[in-house]
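Chemist: So that we are looking at the same thing, I have put the structure below in structure tokens.
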Amino acid sequence: MDYLMSTPRRVITVYIPLAIIVFVLLFPFYWMFITSIKPNEQLVDLDTVNPYWVVAPTLEHIFKLLFETPYLHWMWNTMMIALVATFLSIVASVLAAYAIVRLRYRGAQWIGGAIFLAYLVPPSILFIPLSLIVVKYGLWDTPWALILTYPTILIPFSTWLLMGYFKSIPFELEECALIDGASRWQILTKIVLPLAVPGLISAGIFAFTLCWNEFIYALTFVSSPEKKTVPVAIISEFVDGDIYRWGSLMAGALLGSVPVAIVYMFFVNYYVSAMTGAVKE
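As structure tokens, this is what we get:
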């Protein structure tokens with residue numbers, strides 16, 4: 017890394033690429049923010065007003081979003097559905113991943129590959145048969161319609177991710193526990209899971225983010241305005257025909273991205289360590 021020691025080379029090879037990446041990643045948030053605080057006349061006047069800046073900012077759109085619409089209730093719906101679906105998916109994924117990686121039986125690797133291939137099936141194909149099942153069991157237009165269908169797209173990838181992480185945990189630890197008389201359940205709960213915390217957090221972040229941003233199932237299975245999630249509600253409730261309430265729409269999108277950003281901010285170290293393999297044999 018000596019070639020990075022000189023200032024001109026650091027600027028060209030490190031700082032400029034990082035600045036470009038940061039600009040590309042943060043510009044959508046900047047655009048949502050300035051749009052949410054622009055007065056209505058500036059939102060449509062692109063000839064005399066700079067679209068990349070705001071003059072005389074206002075909190076009118078944010079006020080209408082929070083106090084004149086059930087936005088906080090939509091946030092609660094989204095949070096509740098995402099947390100419950102994530103918990104159910106992680107529990108199922110832990111059991112499946114441990115059984116595939118640690119229990120020796122014929123065809124275990126093929127089962128692991130089949131589970132990952134299930135993740136590759138697009139939701140645009142699955143939502144039609146799933147909608148028939150949801151209607152048949154009386155779950156239509158209820159939060160349980162989403163809570164019970166989201167694991168169909170969360171469990172395959174979470175299982176595949178945890179399989180890779182469980183493989184990095186030394187098997188000798190489990191052999192010693194088996195010699196001492198521990199059961200498989202005790203090994204899983206007292207040895208494997210404490211060592212696999214980064215992997216569990218990584219899978220949880222993935223599942224929570226996917227639930228929070230999911231659109232097709234939430235649009236199809238829920239129709240009542242008070243039961244909608246944030247991604248669907250801000251699109252359906254702030255668009256009246258060909259009239260887009262851009263200020264409130266962008267404010268809703270910006271506030272809706274805050275919980276996911278907070279989750280990544282607090283758990284990013286665990287997420288990276290899980291992807292790289294924190295426990296090595």
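Under my numbering, the first residue of the sequence shown is numbered 17, with each subsequent residue one higher. Backbone N, C-alpha and C define an ideal beta-carbon position, used for all residues, glycine too.
Compute the beta-carbon to beta-carbon distance between Ile147 and Phe237, rounded to the nearest angstrom, for a pair I have assumed lies under 8 angstroms.
Modeler: Position 131 of the sequence shown, counted from the first residue, corresponds to residue 147. Position 221 of the sequence shown, counted from the first residue, corresponds to residue 237. As written in the sequence, residue 147 is Ser, which differs from the Ile given in the question. Their Cβ separation, rounded to whole angstroms, is 7 angstroms, which keeps Ser147 and Phe237 in contact under 8 angstroms.
Chemist: According to DSSP, is Tyr260 helix, strand or coil?
Modeler: Residue 260 sits at position 244 when you count from the first residue of the sequence shown. Three-state result, Tyr260: strand.
Chemist: Using beta-carbon positions only, say whether Ala161 and Leu155 come within less than 8 angstroms of one another.
Modeler: Here the question's residue 161 lines up with position 145 in the sequence shown. Here the question's residue 155 lines up with position 139 in the sequence shown. Yes, these two residues count as a Cβ contact at 8 angstroms.
Chemist: Excluding the 5 residues flanking Ala294 on each side, which residues of the same chain have their C-beta closer than 7 angstroms to its C-beta?
Modeler: Locating residue 294 in the sequence shown gives position 278, counting from the first residue. Unreliable placement is indicated for Ala294, whose pLDDT of 41 sits below 50; the coordinate value is still reported in the next sentence. Around Ala294: Pro214.
Chemist: Which of the three DSSP states, helix, strand or coil, is assigned to Val255?
Modeler: Counting from one through the sequence shown, the residue named residue 255 turns up at place 239. Val255: strand per DSSP, three-state reduction.
Chemist: What three-state label does DSSP hand Glu242 in the structure shown?
Modeler: As a first step, residue 242 is located in the sequence shown; it is residue number 226 there, counting from the start. In the structure shown, Glu242 sits in a helix (DSSP, three-state: H, G or I).
Chemist: For Asn93, count neighbouring Cβ atoms within 10 angstroms of its own Cβ and tell me buried if that reaches 16, exposed if not.
Modeler: As a first step, residue 93 is located in the sequence shown; it is residue number 77 there, counting from the start. Its Cβ being crowded by 16 or more others within 10 Å, Asn93 is buried.
Chemist: Does the count of Cβ pairs from the stretch 28-35 and the stretch 247-262 closer than 8 angstroms reach three?
Modeler: Flag = no, the stretch 28-35 and the stretch 247-262 do not touch.
Chemist: Indicate the three-state DSSP secondary structure (helix, strand or coil) for Ile185 in the structure shown.
Modeler: Stepping through the sequence shown from its first residue, residue 185 is reached at position 169. Coil, per DSSP.
Chemist: Helix or strand or just coil, what does DSSP make of Ala130?
Modeler: For the purposes of this step, residue 130 is identified with residue 114 of the sequence shown, where counting begins at 1. Ala130: helix per DSSP, three-state reduction.
Chemist: Contact check, Met48 vs Leu209 under 8 angstroms by CB: the rounded distance?
Modeler: Residue mapping note: residue 48 aligns to position 32 of the sequence shown, counting from 1. Residue mapping note: residue 209 aligns to position 193 of the sequence shown, counting from 1. Their Cβ separation, rounded to whole angstroms, is 38 angstroms, which puts Met48 and Leu209 out of contact at 8 angstroms.
Chemist: Helix, strand or coil: how does DSSP classify Ile169 here?
Modeler: Here residue 169 corresponds to residue number 153 of the sequence shown, with the count starting at 1. Ile169 falls in the helix class under three-state DSSP.
Chemist: Of the residues Leu59, Tyr181, Thr29, Ser199, which one's Cα is nearest the Cα of Met266?
Modeler: Here residue 266 refers to the residue found at position 250 of the sequence shown. The shortest C-alpha separation from Met266 is found at Leu59.
Chemist: Which same chain residues end up closer than 6 angstroms to Val65 when comparing Cβ atoms and leaving out the 5 residues on each side of it in sequence?
Modeler: Here residue 65 refers to the residue found at position 49 when the sequence shown is read from its first residue. Once the five neighbours on either side are set aside, the close Cβ partners of Val65 are Gln58.
Chemist: Compute the distance between the beta-carbons of Pro86 and Ala134, then report whether it is under 8 angstroms.
Modeler: Taking the sequence shown and counting its residues from 1, the one referred to as residue 86 is at position 70. Taking the sequence shown and counting its residues from 1, the one referred to as residue 134 is at position 118. No, Cβ-Cβ distance for Pro86 and Ala134 is not below 8 angstroms.
Chemist: Quick one, are the C-beta atoms of Ala124 and Ile116 less than 8 angstroms apart?
Modeler: Translated into positions along the sequence shown, residue 124 becomes position 108. Translated into positions along the sequence shown, residue 116 becomes position 100. Yes, Cβ-Cβ distance for Ala124 and Ile116 is below 8 angstroms.
Chemist: Gly272: buried (16+ other C-beta within 10 angstroms of its C-beta) or exposed?
Modeler: Here residue 272 refers to the residue found at position 256 when the sequence shown is read from its first residue. With 16 or more Cβ atoms within 10 Å of its Cβ, Gly272 is classed as buried.
Chemist: Rounding to the nearest angstrom, what Cα-Cα distance links Leu235 and Phe224 in this structure?
Modeler: Stepping through the sequence shown from its first residue, residue 235 is reached at position 219. Stepping through the sequence shown from its first residue, residue 224 is reached at position 208. Going from the Cα of Leu235 to the Cα of Phe224 covers about 18 angstroms.
Chemist: Measuring only the C-alpha atoms, how far is Met91 from Phe39?
Modeler: As a first step, residue 91 is located in the sequence shown; it is residue number 75 there, counting from the start. As a first step, residue 39 is located in the sequence shown; it is residue number 23 there, counting from the start. Those two C-alpha atoms are separated by around 28 angstroms.
Chemist: Have a look at Ala212 and Pro73 and give me their C-alpha separation to the nearest angstrom.
Modeler: Walking along the sequence shown from the start, residue 212 turns up at place 196. Walking along the sequence shown from the start, residue 73 turns up at place 57. Each residue's alpha carbon lies about 47 angstroms from the other.
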